[in-house]
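The numbering used here numbers the first residue of the sequence shown as 155 and each following residue consecutively. Beta carbons: idealized from backbone N, C-alpha and C, even for Gly. The structure appears right after this line, and notes come after that.
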Amino acid sequence: MMPEECAVRAVCTAGTVGKTGVEMEALTGVSCALLTIYDMCKAIDKAMEIGDIRLVKKSGGKSGDFMNPKAAEGGEGK
Numbered sequence: 155m156m157p158e159e160c161a162v163r164a165v166c167t168a169g170t171v172g173k174t175g176v177e178m179e180a181l182t183g184v185s186c187a188l189l190t191i192y193d194m195c196k197a198i199d200k201a202m203e204i205g206d207i208r209l210v211k212k213s214g215g216k217s218g219d220f221m222n223p224k225a226a227e228g229g230e231g232k
C-alpha cells in the first residue's frame, strides 16, 4: 500500500526451469491482482485506474537478461 499516493503497487515473481521466459505469466499475475483490488473497491470509487504495468527485470531465456530502464528510475525492482 502507498497511502500517501492513494495507490497500490502489485509485484509478481514467476520462474521456470525451461528455456522460455515467463514474462507473460508475471504480467498476468500483476493484472489479476490489480483487477481483484478494483473489484473489491469499486463500490467506493469506480473511477480508479490501473496503469503502469510493466516488466521490471528478467534473467535467462532465449533473449537473455533484461532490466527495464524505467524501473531503475522509479526505484522498483531493488
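- Here the C-alpha atom of T170 lies approximately 34 Å from the C-alpha atom of C160.
- Residue pairing by DSSP places A161 opposite M156 in a beta bridge.
- Excluding residues up to 5 positions away in sequence, I204 lie with their Cβ nearer than 8 Å to the Cβ of L189 in the same chain.
- Taking all protein chains in view, the Cβ of V165 is surrounded by fewer than 16 other Cβ atoms within 10 Å, so the residue is classified as exposed.
- Between A168 and A180 a beta carbon distance of about 4 Å is seen, short of the 8 Å cut, so the two are scored as contacting.
- Straight across, the Cα-Cα distance linking M156 with M202 is about 15 Å.
- Taking the C-beta atoms as reference points, V210 is found no nearer than 8 Å to A197.
- Judged by beta-carbon spacing, G172 lies beyond the 8 Å limit of K212, meaning their Cβ atoms are not closer than that value.
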